[in-house]
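With my numbering as the guide, the letters of the sequence shown map in order to residues 33 to 660. Here is the structure we will look at, set down as structure tokens.
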Amino acid sequence: MTIERQEFQAEVKQLLDLMVHSLYSDKDIFLRELISNASDALDKLRFEQLTTDVAGSDLHIRLEVNAEARTLAISDNGIGMTREEVIKNIGTIAKSGTKEFLTKLKDAPKVDGKVPPELIGQFGVGFYSAFMVADKITLVTRRAGTEAATRWESTGDGSYTLEETTRDHAGTTITLHLKPVDAEHGDRDYTQDFAIREIVKRYSDFVTYPIRMQRWKPGAKPEDPKVLEDETLNSQKAIWDRPKAEVTEEEYRDFYRHLSHDWNDPLRTIPVKMEGTLEAYALLYVPGKAPFDLYSPEMKRGVQLYVKRVFVMDECKELMPTYLRFIKGVVDAHDLSLNVSREILQKDRQIQVIRKQLVKKVLATLDEMKRDKPEDYLQFWAAFGPALKEGLLAFDQDKDKLLDLVITGSTHDASKLTSLDEYVGRMKEGQDAIYFLTGPSKEGLVKSPLLEAFAAKGYEVLLFSDPIDELWLERAPTFKDKPLKSIGRGEVELGTEDEKKQAAEALEGKQKEYSDLLGYFRVHLQNEIKEARLSSRLTSSPVCLVADEHDMTPRMQKMMEQLGQPVPKIKPILEINPQHPLIPKLQAVYAADKADPRLGMYAELLLGQAYLADSGQLPDPVAFSRVL
Ligand code: ADP
Ligand code: MG
Numbered sequence: 033m034t035i036e037r038q039e040f041q042a043e044v045k046q047l048l049d050l051m052v053h054s055l056y057s058d059k060d061i062f063l064r065e066l067i068s069n070a071s072d073a074l075d076k077l078r079f080e081q082l083t084t085d086v087a088g089s090d091l092h093i094r095l096e097v098n099a100e101a102r103t104l105a106i107s108d109n110g111i112g113m114t115r116e117e118v119i120k121n122i123g124t125i126a127k128s129g130t131k132e133f134l135t136k137l138k139d140a141p142k143v144d145g146k147v148p149p150e151l152i153g154q155f156g157v158g159f160y161s162a163f164m165v166a167d168k169i170t171l172v173t174r175r176a177g178t179e180a181a182t183r184w185e186s187t188g189d190g191s192y193t194l195e196e197t198t199r200d201h202a203g204t205t206i207t208l209h210l211k212p213v214d215a216e217h218g219d220r221d222y223t224q225d226f227a228i229r230e231i232v233k234r235y236s237d238f239v240t241y242p243i244r245m246q247r248w249k250p251g252a253k254p255e256d257p258k259v260l261e262d263e264t265l266n267s268q269k270a271i272w273d274r275p276k277a278e279v280t281e282e283e284y285r286d287f288y289r290h291l292s293h294d295w296n297d298p299l300r301t302i303p304v305k306m307e308g309t310l311e312a313y314a315l316l317y318v319p320g321k322a323p324f325d326l327y328s329p330e331m332k333r334g335v336q337l338y339v340k341r342v343f344v345m346d347e348c349k350e351l352m353p354t355y356l357r358f359i360k361g362v363v364d365a366h367d368l369s370l371n372v373s374r375e376i377l378q379k380d381r382q383i384q385v386i387r388k389q390l391v392k393k394v395l396a397t398l399d400e401m402k403r404d405k406p407e408d409y410l411q412f413w414a415a416f417g418p419a420l421k422e423g424l425l426a427f428d429q430d431k432d433k434l435l436d437l438v439i440t441g442s443t444h445d446a447s448k449l450t451s452l453d454e455y456v457g458r459m460k461e462g463q464d465a466i467y468f469l470t471g472p473s474k475e476g477l478v479k480s481p482l483l484e485a486f487a488a489k490g491y492e493v494l495l496f497s498d499p500i501d502e503l504w505l506e507r508a509p510t511f512k513d514k515p516l517k518s519i520g521r522g523e524v525e526l527g528t529e530d531e532k533k534q535a536a537e538a539l540e541g542k543q544k545e546y547s548d549l550l551g552y553f554r555v556h557l558q559n560e561i562k563e564a565r566l567s568s569r570l571t572s573s574p575v576c577l578v579a580d581e582h583d584m585t586p587r588m589q590k591m592m593e594q595l596g597q598p599v600p601k602i603k604p605i606l607e608i609n610p611q612h613p614l615i616p617k618l619q620a621v622y623a624a625d626k627a628d629p630r631l632g633m634y635a636e637l638l639l640g641q642a643y644l645a646d647s648g649q650l651p652d653p654v655a656f657s658r659v660l
């Protein structure tokens with residue numbers, strides 16, 4: 033039989049490098065990772081057994097230590113892997129975003145030369161974590177339903193070997209050749225039963241398969257010889273269908289870590305019990321931090337589906353809307369059929385009902401957090417606010433509840449985030465809309481000239497600066513019957529009916545006075561603007577840009593372009609402040625000589641100024657710098 037040597041993928045080499053040099057401060061987790069893989073493999077076998085006739089019974093995980101040889105073996109009689117699968121699953125990392133994550137890890141500030149666990153915990157370290165404790169790993173595996181077995185071996189140095197071998201039955205055995213114990217650095221000896229027992233109890237107690245290890249049991253009488261017997265290390269209790277009062281915070285947290293590979297504590301734990309026409313249990317978690325791939329389509333979604341404690345499916349999309357994809361947890365639906373497929377799930381009435389309940393529960397939990405624990409809610413919002421707002425894009429019955437959860441910047445108090453409800457409570461007498469402004473950054477928004485008239489009148493304006501805001505606000509939402517209205521669009525009319533009328537008359541008078549000058553602007557800038565008009569929204573700035581009532585905002589256009597959508601060039605409206613001292617001066621120049629070449633130059637300068645105030649960017653900086 034031939035032994036073949038292959039190189040790891042570059043990303044794997046990087047990850048191995050991190051592992052071998054033990055940048056992770058808690059080495060014990062390697063066992064959790066390997067047990068979790070074994071448990072996954074057993075799930076997969078059981079799932080395959082629903083539709084095919086692959087053999088396999090007494091599904092379990094076995095741990096075996098050999099103190100003399102200094103080895104620890106983790107075996108399962110699960111699905112196993114073919115040779116190709118070994119190469120693909122163990123030799124490469126398929127997950128997107130891994131590269132960026134590794135760069136982030138490499139550049140991250142270290143504590144005593146080690147990567148802080150909360151950072152590495154964002155990323156499932158998986159199989160490779162075993163190289164923290166082993167200087168050589170041998171893996172023997174046989175895919176269920178096939179005859180040949182594969183032996184894989186590596187010292188974590190960038191390459192591995194593959195060899196054909198035999199194995200009694202399907203499954204995988206991973207043998208770790210343990211590094212010498214470095215007691216000085218607090219290393220534990222993983223060949224000691226009690227160390228293994230404790231780690232299993234801590235991290236893997238709820239694994240649904242028995243985790244067995246042999247132990248010497250004293251005979252019945254002192255003179256009897258000791259006998260070797262199997263001991264099951266985990267209780268296998270499904271934490272989600274135990275009464276809440278019987279589960280400790282610590283158990284909930286450990287289960288979260290087992291489920292999410294997140295080293296941090298969850299922000300909230302949500303046990304759910306549904307009884308009546310349908311029986312289901314769920315245990316959901318709101319994580320404290322966003323995973324690095326929250327906006328990647330390949331992100332691992334958080335909810336697992338069980339049927340009466342039997343694992344059925346990972347990443348069950350049907351149970352949680354996309355905008356809540358970061359929620360982790362398990363759902364155990366007692367009345368569902370075990371061999372339910374994704375296609376069936378999509379149409380299943382029970383699943384719809386369960387999903388509705390879960391969403392309701394999650395949103396209620398968030399609402400409560402927002403009211404009772406504002407600091408927690410700020411942390412949540414910083415991590416998941418933009419994802420949650422995706423829910424506002426769908427015409428969903430939960431939209432109102434989602435709007436209740438939105439918090440954003442405001443001119444009321446620039447140092448805080450405010451909710452729509454708080455805004456409505458502060459609305460002026462006669463104010464009939466919730467005013468907002470969108471822009472690329474909060475810093476830019478605060479300085480926008482578009483805010484001037486609102487500031488002068490004492491009207492509060494909400495400031496939105498996430499890219500997603502542009503999209504959902506475009507759909508003209510209303511909150512408590514009040515429309516959300518962009519102040520960067522159309523005309524503004526503030527105040528009582530009388531005030532509005534007076535303002536309109538005053539503006540009309542000015543409009544007549546300056547009509548020739550405005551006409552000049554319109555003609556001179558005809559390729560750049562749709563219209564030049566006097567403004568009722570400025571008090572101190574000379575000019576600003578606004579969008580026509582039904583046009584896309586400049587930022588919306590940019591986003592569509594980035595998405596590769598064809599967008600017709602939509603020209604903005606240039607608004608000029610009739611109260612600005614510059615305007616009568618321009619009028620004087622114009623009155624003296626309509627052909628004065630300085631007029632064109634001023635027109636372009638003012639347009640450039642308006643662009644700078646709007647987005648901090650000029651459409652054509654080179655041309656602008658040549659104006660003078
Ligand atoms: P993850 O579990 O997040 O996918 P790992 O690094 O832990 O990442 O494992 C990589 C892959 O190797 C798994 O997805 C699985 O396909 C395969 N694998 C690991 N251990 C086993 C095992 N005991 N049995 C079968 N496949 C396994
Ligand atoms: Mg894994």
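For every residue, glycine included, the Cβ atom is placed at its ideal position computed from N, Cα and C.
Beta-ladder partner(s) of residue i, from DSSP
i, result
"Y470", "The sequence given here places Thr at residue 470; Tyr does not occur at that position. According to DSSP, T470 bridges with F496."
"I605", "E563 and V578"
"E195", "I35 and R183"
"R345", "For the sequence presented, residue 345 should be read as Met rather than Arg. Answer is L337."
"L614", "Looking at the DSSP assignment, L614 forms no beta bridge with any residue, so it has no partner."
"E475", "Bridge partners of E475: none, in fact."
"L208", "L104 and I169"
"Q246", "D262"
"F511", "K514"
"S442", "L494"
"E96", "A105"
"S451", "I439"
"K360", "Y317"
"I302", "L316"
"G203", "R174"
Distance between residue j and residue i (C-alpha atoms, nearest Å)
i, j, result
"Y552", "A623", "12 Å"
"K276", "T301", "11 Å"
"R78", "R174", "16 Å"
"A664", "T103", "The displayed coordinates of the chain run from 33 to 660. Any statement about residue 664 would go beyond what the structure contains."
"T585", "Q41", "45 Å"
"E492", "K603", "28 Å"
"S572", "F496", "23 Å"
"T197", "W184", "10 Å"
"Y327", "A419", "8 Å"
"D75", "M113", "14 Å"
"K332", "Q558", "51 Å"
"S568", "M459", "20 Å"
"D625", "E531", "37 Å"
"R529", "K431", "The sequence given here has Glu at residue 529, not Arg. Taking the straight line joining both Cα atoms gives about 32 Å."
"V394", "A538", "52 Å"
"T264", "L63", "16 Å"
"T205", "N69", "11 Å"
"V385", "G308", "12 Å"
"Y288", "L171", "28 Å"
"R381", "A312", "14 Å"
"Q649", "G476", "11 Å"
Beta-carbon proximity of residue i to residue j, cut-off 9 Å
i, j, result
"L434", "T470", "no"
"L638", "V575", "yes"
"L208", "I169", "yes"
"K269", "V259", "no"
"V239", "I67", "yes"
"L503", "L452", "no"
"I519", "Y455", "no"
"R507", "D583", "no"
"Y192", "I125", "no"
"Q336", "G320", "no"
"E607", "R658", "no"
"L210", "V279", "no"
"L134", "Q224", "no"
Runs of alpha helix (DSSP H) lying entirely within the stretch 252-299, each at least 4 residues, in chain order = 281-292
With a floor of 4 residues, list each alpha helix (DSSP H) that falls wholly inside the stretch 209-241, ordered by position along the chain.
-> 225-236
Ordered list of alpha helix (DSSP H) runs contained in the stretch 405-438, each at least 4 residues = Within the stretch 405-438, the complete alpha helix (DSSP H) runs of at least 4 residues are 406-421 and 431-437.
Could you pull out every unbroken beta strand (DSSP E) segment of at least 3 residues lying fully inside the stretch 527-566, listed in chain order?
-> 563-566
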